[in-house]
Structure formats: C-alpha cells, structure tokens
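Residue 48 is where the sequence shown starts when you use the working numbering, and the numbers rise one by one after that. All C-beta atoms, glycine included, are put in the ideal place defined by N, C-alpha and C. Step one of this worksheet: look at the structure below.
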Amino acid sequence: MLRYFRSHKQQQLFLLAFLLPFLIIMVLFMSQQITPWGNHNLLFSDVGTQYNIFLTGLRHDVLHHTFSQYSYYLGLGSNTLPTYAYYLMSPLTLIVIFFPASQIPTALTWIVTLKISLGGLTMAIFLSTTSFQNKKNIIILLFSTAYAVSSWVASVYYTLMWLDALLLLPMVCVGLDLLIYKHTSKLYFISLLAAIVTNYYMGYMTCLFAAIYFFYQFLGLQKNSEHFLTFIKQETKLIFHFVLISLLAVLSSMSILLPASLGMLATDKAALNWSNYSLLPTFGLGSLNQLGLGANNYISRLNHGPALFTGSCVFLLIVAFFFNQNVPSNEKKRTAATLLVLFLCMWINCFNTIWHLFQHPAGFPFRNALFFTFFAVCTAYRSIQYKPWHFLTVSQKFWTLFIPLASFCIGFIWKNIFKFNSNQSFSKLFSQAGLPSMKIWMSFILSICFYTMSWFLLFKLPLSKNVKLLLIALTCTELMINFGLSMFGTPYGNQKNYVSNYQFKQKQITNLKHNSYFHHQGRTVVKDTSFQNAYNEKYNCYNDALLFRYFGISMYSSTLNKATRQDLEALGYLSVNPRRISFVGGTELTQSLLGVQNELDLNKNDAQLKINTTYFGLGAAIDQKILGLKLPQRQALKNQETILQRLVPAQKHYFKKVDLLKVHNHKKDTSRKFIHRITFRTTVAGPLYYYSQDASAELRTLRINNRSKKPTVDNQGQRMICPLGNYPKGQTIRLSVTTSSKHWDKAQQLFSLNAKQFDKAMNKTYERRFHLHQINGNCLYGTIDGTSSKQHLFLSIPYEKGWHAKVNHHSVKVQKGLRGFVTLPINKGRNYVELHYRSPGLISGLFLSCIGLLLYVIFLFYE
C-alpha cells in the first residue's frame with residue numbers, strides 16, 4: 048500500500064481528495080460568515096452548551112497539567128473519564144491548545160473542517176486500494192467527495208465527536224480488505240482500535256458494520272460451483288482470524304471502554320424502554336424525499352428520515368449496477384443483501400435501537416445512516432468499474448433515471464404536499480394537504496435538474512477525462528447546495544459578543560476569587576444575563592462552572608449521573624430532561640446543605656455578589672438517623688422539612704403554610720390552561736417558596752404583586768421550587784400563575800421558611816462543620832470533630848463507587864446519606880479524613896488493554 052503514496056499521481060489524487068471537501072466547507076462557512084471568516088460561530092445546539100465548554104476545559108487541563116479522574120467543575124462533582132471518553136478522545140481536539148480560551152469557537156470551525164476533509168482523503172485511500180480497480184483514476188474524487196460531504200455529514204457536522212467515524216471507517220474497511228486478501232491484520236487492528244477509542248458510541252456501530260462488510264467481502268471469495276458449507280469449512284481460518292483480531296481490538300480499548308461503560312451505566316441511558324424494541328417501521332414513504340436536495344435542515348434536526356443523499360450520480364449508478372448484465376450475479380446478490388441489511392437496521396425499530404447502543408436517540412435520528420452512505424458510495428464506485436454506459440440497453444438506461452426520480456417524487460409529495468408522517472392515520476392524509484414553500488419547490492426543481500444532467504453525462508456521452516471533470520464539478524456543486532440548504536434556520540452564535548462576554552465574565556469570576564469573603568472550596572451560583580447576547584438560542588449556563596473554573600451545581604451532559612440528578616430533583620432543583628440539572632430551584636437550606644457560599648448576579652453593566660450567611664462548608668457531623676433518610680420525588684418542600692428536623696430537631700415546623708385568603712380560577716380562552724389568582728398571608732417571617740407538586744404550573748407566567756417572578760430557566764413542564772422573595776410575617780400577597788389544573792389544590796404549595804428558626808439551626812450545624820484543608824483533583828483532606836450523638840460525616844459530594852476513604856489513617860466504608868451523598872463513620876473527638884477517587888474500571892481496563900495489546904503482538908509473530 049505504501050508504494051501508492053510514492054506515486055506522484057497518487058499523491059496528487061489524495062491531495063485533491065482532501066482539498067475538495069476542504070474547499071466546499073470553506074466556501075459554505077464563508078457564505079455563512081462563520082469565524083474566522085465572519086462574526087458567526089458554531090455555538091448553537093449542543094455545541095454551545097456542551098462541546099465548546101468541554102474543549103475549553105480540555106485546553107486548560109493540557110496547558111496547566113490538571114488532568115484528574117474527578118472534577119468538582121462538573122455539577123456537584125463527577126467522574127471525568129466518561130466525559131473524556133465520549134467527547135474528547137479525538138486527537139484533532141488538541142488543536143484547541145493553539146487558540147486562546149475565548150477563541151475556542153474558531154478552533155471548532157477548523158476541527159470540523161479538518162475532520163470532513165480527512166474523511167474525503169481516507170475514502171480516496173480506500174477506493175484506491177485492494178479489491179477496487181483504476182487506483183489512479185480521477186473519478187475517485189467524485190465518490191470520495193460524495194462520502195465526505197454527504198447529507199449525513201451535513202446533518203451532524205456540528206456534532207463533532209461523531210465525525211471521527213467518518214474518517215476512520217474507510218481505513219477500517221481498507222484494513223479488512225487487507226485482512227481478507229493479503230492476510231495481514233495490522234491496519235484493521237489499529238484503525239478499529241482508533242475508531243473505538245476516539246468515540247466508543249460510533250466505534251460500537253463501526254464494529255457492527257465491520258462484521259457486515261467482512262461477510263460481504265468474504266462471500267465474494269466463494270466460487271460459483273463451490274458448495275457453501277464446503278466454502279465455509281475451507282475458510283474457517285479466515286473467519287477465526289477476523290473474529291480474533293476484532294476481539295483483540297475491543298480488548299485493547301478497555302482502558303477507555305470499561306470506565307466509560309461503567310460511567311454510562313450510572314446515567315439514565317442504562318434504563319431500557321421496551322417500546323423501542325418493537326418490529327414497527329421507523330419511517331415511511333416520506334423518507335424517499337431524502338433522495339433529493341434539502342431534505343433536512345437545522346429546524347428538523349430532532350426528527351427526520353435517514354440522511355442518505357450523496358449526490359444524484361451515486362443513486363443513478365446504484366440502479367445501473369443492478370441492471371448491468373456485465374456485473375456477476377453473485378456480486379449483485381451479496382451487494383443487494385448488504386444494502387437490504389443496512390436499510391433494515393434503520394427501518395425496523397428494534398434493529399435501529401440496537402445499533403444506537405440499545406437506546407432510542409434523543410434527537411439526531413438514524414446516526415447509523417453513515418454506514419449505509421459509505422456502502423452506497425462503494426456500490427456506486429463499483430458500478431462505474433463495469434462501464435454501465437456500454438452494457439445497458441436504451442430501456443435500462445431510461446429506468447436508471449426513472450426509478451430514482453419516481454422514488455424522489457413520491458417522497459416529495461408524501462412529505463411536502465400531503466405532509467404525512469408514519470405515526471398518523473390515513474384518514475388525515477388529505478385533510479392536511481397543502482402546497483409547500485418556494486424554497487422547497489426550488490429544491491425539488493434543482494434535484495430533478497441534477498439527476499437529469501448527471502444521467503446525461505453518465506449515459507449519453509463517452510466518459511472522457513473532460514466528462515469526468517464535469518461530473519466531479521456537478522457533484523461538488525450539488526453537494527454544496529444540499530449542505531447549504533441543511534444549514535437553513537441555524538441560529539449561529541455571535542463571535543464578537545462571545546469574546547467580550549467571556550472576558551468580562553472571566554474577570555468577574557477572578558475578582559470573586561480574590562474577594563476576602565470567598566472560600567475557594569465553596570460552591571458558587573452564577574446568574575448570568577450578560578452571556579445571552581452571544582447566543583441566538585436560550586443559554587442557561589449549565590456548564591459554566593467548567594468554562595470558568597469554579598465549583599457549581601448545574602450540569603448538561605450525556606454522562607450526567609442519574610442518582611445525582613434525581614437527588615437534586617428531589618430537593619427541588621430543576622431537571623428538564625435526563626441530561627440536565629440546573630442551579631435554579633434552590634432554597635436557603637439547599638444552598639447551605641450543598642456548600643453554596645456565593646451567588647453572583649451578572650448583567651451587561653455590573654456584577655452583584657451575595658454571600659450565603661448560613662454557609663457551613665462542604666459538610667458537617669450528623670446523626671446516624673439521616674443515613675437511611677428517604678427523599679421521595681415530587682415532595683421537595685416536605686423533603687427539606689424532613690432534612691432540617693433530622694439535622695436539628697425542633698418542635699415547630701421550619702416551613703409553614705401560608706394562609707389562603709382568596710382564590711380565583713379562570714380558564715384561558717384558547718387553551719386548556721387555567722389562570723389562578725391567589726391572595727394569601729404569610730405566617731412567618733422569611734423566604735417564600737412556590738412548588739407545583741404535579742408539575743402543572745407554567746412558571747414563566749408567575750407573578751407576585753403584579754411583578755414577574757419567572758425563573759431564569761424555563762421549567763418546560765417540570766417541577767421545581769420557585770423562590771418568591773423574603774417577606775415579613777402577616778404580609779398580604781397577590782400571586783397569579785397559569786397551570787393545567789382546573790382548581791388551586793394541594794398540589795400547588797406555598798410555604799414560608801422561618802428565617803429566625805432556620806438561622807439558629809444553621810448556627811448549630813456550623814459548630815460541627817467539616818474543616819477542609821485541601822481539595823486537589825482526586826483527593827480531599829480535612830478534619831471533623833465527632834460527638835457521642837454525631838458519629839457520621841456528611842459531605843455534599845455525590846456518592847460514587849470510585850470513592851475510597853480513611854479516617855484517622857484507617858480505611859472506612861463510604862456510605863450513602865441523604866439518599867445519594869457521601870457519608871463516613873467517624874469517632875468521638877478529632878478525626879482526620881482522607882478521600883481518594885479512582886474511576887471505576889480504570890485499573891481493570893488498563894490491565895485488559897495491556898493483555899489485549901500483548902496478545903496481539905504475540906499473534907503478529909504467528910501471522
């Protein structure tokens with residue numbers, strides 16, 4: 048294979064295979080004015096809330112050598128290995144170290160561009176090696192570009208951690224071809240290992256496809272007259288070779304795979320939904336619209352058919368492949384079987400779920416369409432080797448054009464005129480029909496034109512060098528238009544505002560750390576409205592603690608620990624879905640309990656700092672009774688009363704109901720919502736809280752004395768505690784809110800916290816606080832005084848199996864307290880506490896990886 052790279056013509060071909068996608072993406076990004084060519088950036092969707100922030104954190108870790116298995120910047124604290132494994136294992140992410148922290152969005156542009164361009168290069172390498180012919184044929188550029196700038200890429204280009212599969216998949220298949228035909232496994236082992244390590248989610252899909260592709264090529268070895276069982280017996284060694292190398296590659300990746308898998312099992316993704324395993328179809332005739340331009344865009348990113356478009360040439364050549372009498376029947380059969388299997392893996396709900404790591408994708412559906420795309424391009428390239436313009440009859444050439452066009456037209460009418468979805472009944476087929484927009488009609492007309500021109504160049508003209516260049520130019524133009532249409536409706540971020548706001552917020556956080564009242568170990572809640580103008584979508588500051596390096600509460604990640612999220616939700620914090628927990632929903636108690644010392648309110652002009660006067664640090668000595676305390680969901684205020692009574696027992700309730708004076712319920716005119724206007728009187732002096740136990744309240748409509756009290760993060764139909772302010776005893780207050788409940792009932796809870804009683808309780812807790820001496824990555828040290836009645840230490844750190852503790856230099860078992868926080872047994876008197884975190888599965892994973900690599904090295908001598 049290396050000798051091909053020494054060929055000057057081969058080098059030119061590979062360079063062009065890289066440059067064509069590179070130039071297409073450059074032109075598209077320039078047209079959209081994306082940084083560094085304009086003031087837009089890719090800070091939208093998960094890029095703005097997750098990837099940009101994780102890459103900024105990676106930059107800090109690399110430049111300051113602060114890698115750690117545990118981070119207090121991820122929510123209340125979290126295992127870092129699942130986050131690294133899912134988001135940050137691509138070597139190309141290291142580009143971020145060459146950019147300032149405020150310019151990471153620019154680095155994102157280059158990372159996306161390079162990954163797509165490298166996808167074109169590796170596809171060209173694949174098409175130029177082993178079983179394919181015409182290794183230096185310029186027509187390869189058509190297919191390498193069709194793969195690199197396909198509709199799948201256009202749909203997920205900003206989900207950059209999946210793009211490593213785009214560039215590694217062709218190398219995995221090159222390795223498989225070498226394994227089958229040359230009996231050498233080095234490239235297959237290395238590329239499959241790299242695919243798993245860079246992103247285990249897409250790596251898992253790559254393993255499934257590798258098995259399918261292996262059997263596709265393997266069956267090509269069978270002679271026409273040879274019996275299948277005889278063939279299998281003769282090639283048993285090859286099958287064993289493939290299975291062994293595949294297993295060794297998986298085993299060698301265990302240093303990443305095992306801790307990442309154990310971490311993901313601790314998330315909500317471990318839950319199985321049996322409805323996702325039905326044998327029902329996942330899409331209908333409307334998905335044939337994917338055969339044309341502009342089938343997907345940003346607005347439809349959460350729900351669309353499989354993104355399969357790779358250019359009209361590819362689909363025409365696939366149809367021609369099956370009409371061409373010059374193609375061996377055996378090759379037609381195994382190609383058709385492979386395409387059918389890949390199609391069914393998307394179409395049948397059960398198979399589609401299995402491909403997506405046994406979870407129904409939450410947005411960005413049919414991520415496995417990449418593999419169908421790859422094989423479709425391979426089939427089209429294989430088709431052109433058989434010169435269909437010579438061997439197809441006139442009628443066959445006509446059907447080659449008619450079948451794709453007819454299929455596309457059916458899909459267009461079904462989706463854009465009838466507007467019919469697979470989950471609707473046929474009775475609604477004509478009731479919602481209507482004419483599509485001008486943009487959709489233009490996409491339709493352009494698709495017809497591109498199909499017709501491609502067909503004319505392929506089947507009506509001799510395939511000379513000039514015609515090949517025209518086909519490449521036509522395909523590049525077609526794919527560029529399709530990619531541009533997929534960008535429609537994208538709410539790009541504002542790069543200039545991001546830089547200025549990042550620098551302003553970084554300065555405010557730095558000033559906060561220099562404040563004489565600031566404790567570096569205390570958590571901080573930052574309510575920020577200044578950062579919003581850097582985004583064109585609602586920005587809720589979920590991961591700002593990692594972005595600006597302070598200890599916080601909120602987190603947004605696919606690796607969010609399920610138990611931690613549910614614990615905070617049971618205390619009243621907002622969680623709009625299994626991947627998010629917000630800082631909104633806190634009370635005076637939870638702020639103190641979780642070690643929140645500072646509340647920083649930022650806006651465009653200034654910053655206001657509020658110090659929590661009842662802050663007692665990271666933990667305190669507690670009674671044993673609190674260990675088995677149950678905190679049921681949907682009872683946040685009751686849970687807080689229970690906690691306070693266990694911490695500091697009192698005869699009176701800490702939280703007291705208000706006295707309702709007047710209730711008026713009024714139905715909205717055009718909806719099933721009801722407006723409730725309540726007049727009530729406070730019964731104690733202190734902070735007032737509202738909690739909709741049945742999650743029926745639309746908190747954005749909440750008003751107190753005709754002033755808005757909506758939370759900084761929209762509750763989206765989820766429950767949370769809503770602070771309403773501090774009020775003296777006996778004050779009359781008017782409240783209005785919209786809910787889905789017809790009457791104001793017990794589910795709508797209004798309680799005041801007795802401030803005087805609460806302060807006394809916190810003062811007593813402060814007396815037995817945990818004295819933190821050092822907190823450094825995986826380690827935590829401090830002292831605590833135990834008493835005869837307080838012989839357990841509560842720490843506001845989420846319980847995880849990776850924690851190991853010593854008290855007075857003796858190992859103790861880390862226990863759960865308050866449902867899901869770290870608690871340790873302590874002795875009467877002074878106790879020296881040490882906590883160390885080791886990511887579950889890391890040591891075992893490293894051992895297994897070493898075993899896998901060693902076994903492979905031994906196997907190489909045998910091979």
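Environment of residue i [buried if 16+ CB atoms lie within 10 Å]
| i | result |
| --- | --- |
| residue 909 | exposed |
| residue 687 | buried |
| residue 655 | exposed |
| residue 127 | buried |
| residue 627 | buried |
| residue 444 | buried |
| residue 476 | Note on residue 476: pLDDT 46, under 50, position unreliable in the model; the coordinate value appears next. That one is exposed. |
| residue 321 | exposed |
| residue 435 | buried |
| residue 678 | buried |
| residue 488 | exposed |
| residue 570 | buried |
| residue 313 | buried |
| residue 556 | buried |
| residue 112 | exposed |
| residue 318 | exposed |
| residue 252 | buried |
| residue 351 | buried |
| residue 67 | buried |
| residue 814 | exposed |
| residue 459 | buried |
| residue 480 | Below a pLDDT of 50, predicted positions are generally treated as unreliable, and residue 480, at 49, falls in that range; the measurement from the model is reported next regardless. With fewer than 16 Cβ atoms within 10 Å of its Cβ, residue 480 is classed as exposed. |
| residue 383 | exposed |
| residue 632 | buried |
Alpha helix (DSSP H) segment containing residue i, residue limits
| i | result |
| --- | --- |
| residue 870 | Here residue 870 belongs to no alpha helix (DSSP H); instead the beta strand (DSSP E) covers 868-872. |
| residue 36 | Only positions 48 to 910 of the chain appear in this structure, which leaves residue 36 out of reach. |
| residue 510 | No alpha helix (DSSP H) holds residue 510; DSSP gives it neither H nor E. |
| residue 381 | 376-394 |
| residue 907 | 889-909 |
| residue 199 | 198-203 |
| residue 106 | 99-111 |
| residue 636 | 635-640 |
For residue i, the first and last residue of its enclosing beta strand (DSSP E)
| i | result |
| --- | --- |
| residue 724 | 721-728 |
| residue 830 | 826-833 |
| residue 747 | 744-751 |
| residue 575 | 570-575 |
| residue 841 | 839-845 |
| residue 883 | 876-884 |
Own chain, CB closer than 6 Å to residue i, minus 5 neighbours either side, in chain order
| i | result |
| --- | --- |
| residue 173 | 217, 220, 221 |
| residue 914 | Only positions 48 to 910 of the chain appear in the structure, and residue 914 is not among them; the question remains open. |
| residue 344 | 533, 535, 536 |
| residue 278 | 269 |
Cut-off 7 Å between Cβ atoms - residues of its own chain near residue i, not counting five sequence neighbours on either side
| i | result |
| --- | --- |
| residue 635 | 661, 734, 800, 805 |
| residue 392 | 398, 399, 402, 415 |
| residue 366 | 447, 450, 451 |
| residue 82 | 88, 152, 153, 156, 542 |
| residue 840 | 666, 668, 817, 831, 870, 871, 873, 880 |
| residue 790 | 712 |
Three-way DSSP call (helix, strand, coil) for residue i in this model
| i | result |
| --- | --- |
| residue 548 | helix |
| residue 646 | strand |
| residue 757 | coil |
| residue 76 | helix |
| residue 681 | coil |
| residue 269 | coil |
| residue 616 | helix |
| residue 43 | Because the chain spans 48 through 910 in this model, residue 43 falls outside it and cannot be assessed. |
| residue 600 | coil |
| residue 448 | helix |
| residue 55 | helix |
| residue 241 | helix |
| residue 474 | With a pLDDT of only 46 at residue 474, under the threshold of 50, the placement of this residue in the model should not be trusted, and no figure is reported. |
| residue 340 | coil |
Uninterrupted beta strand (DSSP E) stretches inside the region 254-334 (no shorter than 3 residues): none
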